[in-house]
Amino acid sequence: MLASREHICDLPSTTDAECVQTHGIVSKSMSFYKAEYIWIDGTEPTSLLRSKTKIIPMNEDPGLWGFDGSSTQQAPGDKSDCVLRPVRVIPDPIRGESDKLVLCEVLYTDLTPHKTNTRAACVAALDKYAAQEPLFGMEQEYTFFEDHKPLGWPSRGFPGPQGPYYCGVGAEFVYGREIVEEHMEACLEAGLAYCGLNAEVMPAQWEYQIGPVDPVTMGDELWLSRWLLYRIAEQYGVTVSLDPKPVIGDWNGAGCHTNFSTKAMRESYAPIENACAALGEKAALHVEHYGFGIESRLTGLHETCSYKEFKYGVSDRGASVRIPWHVAKEGKGYAEDRRPNANCDPYVVCGLITDTVCSAN
Ligand code: ADP
Ligand code: MN
Ligand code: MN
Ligand code: MN
């Protein structure tokens, strides 16, 4: 990338982009950055991430752009145009210093939110309850796959039973660490609120955490960090699965524990219990919006509470909502909703928890 740039056109009032359009050439002295526009598509039952690249003159911000919604389950062929509006721009840790990742929300051509745009409702929830200062931290679990089996698993049969893998060390227990490390570095370089990682109970399964941040930022950063994970693993020929139950049998599922607090919860204990009770009142509604296939994961086994029940408790990993021991001890802090699936939409989960908890206070 060139540090200095000159206008390629003699007309002082034109922008670089207009020069390029007019002259059909790109001056060697003009510099650009690469903007990777990222958005969430309309695939059912679980949305996929999509992205494409735009070359933008250095002195311009990423603006509105469009895409073919008929190729992403977001529009019919005869009205295929959908609009991308940038909502968060971060440094691109893969391409280089001046390049950007541009998270977008999807709009119709009249600039109203597309029906697949779940961010809009999350923004509304935050606007409504901003005075309560809701904060979220999510623990994204995922599983690496290679050649249609979990990374590092034997080509026939299974690895040894669960036990030594959680937070394990050594080549016999840990698969894919180099990708995990590269992903962590990328998230930190991009300025995300990435705050930790661990190997999970099932071999080839991992977790990273982001937070604490407001619910909209939580959604933005979880989606951006997922994009980085897919993109980095792609270079290794490894796929990332957010399937909530990637292997049937005596193997842990993959969740996205969602930790949350309001200002009141961070100051005293009663609001934490109130929040848990409020979630209990709307248990079915929440489970319905916590990710496709949740029944296969919330069985009551493998550190879960059945999706048909609701209970909360201190240190209880068999509860729907856990109050961490240090929170009970200090008498303030946050609670952990253990129900969301790995494949949940963080805008939906955080928006719903914000609505339920803040409306009860
Ligand atoms: P676990 O013991 O469940 O594995 P982790 O250490 O993996 O917990 O994750 C803890 C999460 O809690 C992190 O995402 C962190 O950002 C979040 N968190 C910490 N404090 C708060 C808070 N006050 N409000 C909301 N989330 C919080
Ligand atoms: Mn965790
Ligand atoms: Mn975990
Ligand atoms: Mn947890």
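Residue numbers (my numbering): -11 to 349.
Glycine residues also receive a C-beta, built at the ideal position from the N, C-alpha and C atoms.
Whole alpha helix (DSSP H) runs in the stretch 146 to 184 with 4 or more residues, listed along the chain? As far as the stretch 146 to 184 is concerned, its whole alpha helix (DSSP H) runs of at least 4 residues are 165 to 177.
Buried or exposed (CB count within 10 angstroms, at least 16 for buried), residue 249: It counts as buried.
CB residue 262 to CB residue 348, shorter than 8 Å? Residue 348 is positioned such that its CB atom lies closer than 8 Å to that of residue 262.
Which residue or residues does DSSP assign as beta-bridge partners of residue 244? Partner(s): 128.
Three or more C-beta pairs under 8 Å: does that hold for the stretch 229 to 238 against the stretch 104 to 120? No: fewer than three Cβ pairs fall under 8 Å.
Alpha-carbon to alpha-carbon, residue 161 and residue 334: It is roughly 30 Å from the alpha-carbon of residue 334 to the alpha-carbon of residue 161.
With DSSP run on the structure shown, which of helix, strand or coil describes residue 28? Residue 28 falls in the strand class under three-state DSSP.
Could you give the distance in angstroms between the alpha-carbon of residue 304 and the alpha-carbon of residue 289? Going by the C-alpha atoms only, they are around 13 Å apart.
I'd like to know whether the C-beta atoms of residue 187 and residue 242 end up nearer to each other than 8 Å. The answer is no: Cβ separation not under 8 Å.
By DSSP's criteria, residue 42 is part of a beta bridge. Which residues make up the other side? Beta-bridge pairing by DSSP links residue 42 to 23.
Contained alpha helix (DSSP H) runs [length at least 4] in the stretch 64 to 149, N- to C-terminal order: With a minimum length of 4 residues, the continuous alpha helix (DSSP H) runs that stay inside the stretch 64 to 149 are 107 to 117.
Contact test: residue 200 Cβ vs ligand 1 heavy atom, cutoff 7 Å: In this structure, residue 200 has its CB closer than 7 Å to one or more heavy atoms of ligand 1.
CA-to-CA distance, residue 276 to residue 238, given in whole angstroms: Rounded to whole angstroms, residue 238 to residue 276 spans 25 Å at the Cα level.
Under 8 Å between C-beta atoms of residue 92 and residue 43: Contact flag unset, no.
Anticipated Cβ contact below 8 Å, residue 90 with residue 74, distance rounded: About 5 Å; that satisfies the 8 Å criterion.
Enclosing beta strand (DSSP E) for residue 310 [first to last residue]: Note, residue 310: beta strand (DSSP E), 309 to 311.
Any idea what DSSP makes of residue 57, helix, strand or coil? DSSP places residue 57 in helix when its eight states are reduced to three.
So, using beta-carbon positions, are residue 107 and residue 199 closer together than 8 Å? Between residue 107 and residue 199, the gap from beta carbon to beta carbon reaches 8 Å or more.
Residue closest to residue 135, alpha-carbon to alpha-carbon, out of 224, 297, 88, 245: Checking every option, the nearest Cα to that of residue 135 belongs to 224.
Distance, Cα to Cα, residue 178 vs residue 203? Rounded to whole angstroms, the separation of the alpha carbons of residue 203 and residue 178 is 19 Å.
Nearest residue (CA-CA) to residue 159, options 269, 216, 180, 191: Of 269, 216, 180, 191, the smallest CA-CA separation from residue 159 is found for 191.
Residue(s) in a DSSP beta bridge with residue 301: Residue pairing by DSSP places residue 301 opposite 310 in a beta bridge.
Backbone CA spacing between residue 51 and residue 20 [nearest angstrom]: Straight-line Cα distance between these residues: approximately 14 Å.
Which same chain residues end up closer than 7 Å to residue 339 when comparing Cβ atoms and leaving out the 5 residues on each side of it in sequence? 109, 110, 113, 203, listed in sequence order.
According to DSSP, simplified to helix, strand and coil, what is residue 348? Residue state, collapsed to three classes: coil.
Give me the residue from 144, 145, 163, 143 with the minimum Cα distance to residue 152. When only C-alpha atoms are compared, the closest one is 163.
Inspect the CB distances between the stretch 23 to 38 and the stretch 55 to 67 and report whether three or more fall short of 8 Å. By the C-beta criterion, the stretch 23 to 38 is judged to be in contact with the stretch 55 to 67, since at least 3 inter-stretch pairs fall below 8 Å.
Counting only the same chain and skipping the five closest in sequence on each side, list residues whose C-beta sits under 6 Å from that of residue 218. Within the same chain, residue 218 has close Cβ partners 228.
Considering only residues of the same chain and omitting the five flanking positions on each side of residue 309, which have a CB-CB separation below 7 Å? Listed in chain order, the non-local C-beta contacts of residue 309 below 7 Å within the same chain comprise 264, 267, 300, 323, 324, 325, 326, local neighbours out to five positions each way being set aside.
Is residue 24 closer than 8 Å to residue 39 when the C-beta atoms are compared? Closer than 8 Å, so yes.
Considering residue 324, what are the terminal residues of the beta strand (DSSP E) in which it resides? 323 to 325 is the span of the beta strand (DSSP E), which, as asked, contains residue 324.
Contact check, residue 128 vs residue 182, beta carbons under 8 Å: Taking C-beta atoms as the reference points, residue 128 and residue 182 fail to come closer than 8 Å.
Who are the Cβ neighbours of residue 271 in its own chain at under 6 Å, not counting the five residues just before and after it? Cβ-Cβ distances below 6 Å link residue 271 to 298 in the same chain, with the five nearest sequence neighbours on each side left out; the list follows chain order.
First and last residue of the uninterrupted beta strand (DSSP E) at residue 198: Per DSSP, residue 198 belongs to the beta strand (DSSP E) from 193 to 201.
CB contact below 8 Å: residue 236 versus chain B: Given the protein chain composition of this structure (a single chain), no chain B is represented.
Do residue 172 and residue 180 have their CB atoms nearer than 8 Å? Their beta carbons are not under 8 Å apart, which means residue 172 does not touch residue 180 by this criterion.
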